[in-house]
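Q: First the structure, then my questions, so here it is.
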Amino acid sequence: MLGLIINGGVIVLGYLLIRYGLLPKVLKNHTETFQSVSLCFMLMLLGYKIGINENVRNNIHILGFKSLVIAVIVVLMCILFVHIFYRRKWSK
């Protein structure tokens with residue numbers, strides 16, 4: 000619950016910084032880099048958490064197959080919805 004409150008607070012803080020122009024220009028120019036570094040850091044933490052969890056390591060073959068199936072379904076559904084959206088957009 001504390002994590003949820005902290006995440007919500009960070010989102011509100013970011014919104015307020017942008018809304019009132021309080022974000023320094025140096026940070027505005029490097030937001031893409033900051034996002035990439037943050038994403039890599041979070042993926043590293045996720046990998047660490049998975050690596051230390053013995054349950055996950057012992058069942059990686061089962062979890063890996065399920066993850067693959069879910070990923071394939073998500074990709075196919077995204078392609079389908081993009082196709083439907085653009086077909087409607089261009090037909091108008």
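Residue 38 in numbering that gives the first Met the number 0 is what sits at position 39 of the sequence shown, and the numbering runs on without skipping anything.
We treat Cβ as the ideally placed atom computed from N, Cα and C, and that holds for glycine.
(1) Report yes or no: is there a C-beta of chain D within less than 8 angstroms of the C-beta of residue 13?
(2) Beta carbon of residue 55, beta carbon of residue 45: below 8 angstroms?
(3) Would you kindly report the start and end of the unbroken alpha helix (DSSP H) that includes residue 38?
(4) Short of 6 angstroms in beta carbon distance, which residues of its chain neighbour residue 20, apart from the five on each side in sequence? Order them along the chain.
(5) Is residue 85 helix, strand or coil when you go by DSSP?
A: Judging by the given coordinates:
(1) Note that chain D does not occur in the displayed structure, where there is just one protein chain.
(2) Position 56 of the sequence shown, counted from the first residue, corresponds to residue 55. Position 46 of the sequence shown, counted from the first residue, corresponds to residue 45. Cβ distance not < 8 angstroms, so residue 55 and residue 45 don't count as in contact.
(3) Here residue 38 corresponds to residue number 39 of the sequence shown, with the count starting at 1. 30 to 51 is the span of the alpha helix (DSSP H), which, as asked, contains residue 38.
(4) To locate residue 20, count along the sequence shown from 1; it is residue 21. For residue 20, where only same-chain residues beyond five positions count, there are no Cβ hits under 6 angstroms.
(5) For this step, residue 85 is matched to residue 86 along the sequence shown. Three-state DSSP puts residue 85 in a helix.
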